[in-house]
Structures are given as structure tokens and as C-alpha cells.
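Q: For reference, the structure I am asking about is given below.
Residue numbers (the working numbering): 6 to 93.
The structure is reproduced here in C-alpha cells:
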């Protein structure tokens, strides 16, 4: 059974974006950019690592570098005192 994006976030997954810079197979002097985005677990990033292994094993363009950013979209809220007000 697959989890929804909301369920993933509740389990600690973060929206992760990776900019993958790679060399063009026919023109190694040129660098191309590919943007990957998925919910993943920081700081190990197992889903991104699996994708990068697939890239290295199956695609011709060698990876130059990978820049990763992630953001926790759902987090525990801070508890605080609430003052009671009456409006007339």
C-alpha cells in the first residue's frame, strides 16, 4: 500500500529538490542541469541516493555535482497560552 504525500510528511519525509549537474555524453565540455523533486528522508536521502545510483548505472551523462535542498512542510506546532476575549 502506497502512502499519500500527506502521510509521508507525517512520517518525517521532507520535500526534497536536487539540482543535478551532468556532462553531456557527446560534448563533455558542456554541463547540463536536471531538477529532481520528491519526498525523502533527511539527512540520509535514501530515495535520492537510489535515483543517483540508477543514473550512474543506466545513463550516459556522468554526474558533475548535486545540490540538495529540503523543506519540512508539516511540523509540530508550538503550544502557547491563549487569552480569552469577549467581543461586544
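Every residue, glycine too, gets a C-beta built ideally from N, C-alpha and C.
#1: If we ignore side chains and look at the alpha-carbon of each, how far apart do residue 33 and residue 71 end up?
#2: What are the boundary residues of the alpha helix (DSSP H) that residue 12 is part of?
#3: Find out if the Cβ-Cβ distance for the pair residue 74, residue 46 is shorter than 8 Å.
#4: What would DSSP say about residue 118, mapped onto helix, strand or coil?
#5: If you draw a straight line from the C-alpha of residue 83 to the C-alpha of residue 20, how long is it?
A: In brief:
#1: 17 Å
#2: 10-15
#3: no
#4: Beyond the ends of the chain as shown, which are 6 and 93, falls residue 118; an answer cannot be given.
#5: With a pLDDT of only 48 at residue 83, under 50, the local geometry of the prediction cannot be trusted, and the value read off the model is given with reservation. For residue 83 and residue 20, the distance between alpha carbons rounds to 21 Å.
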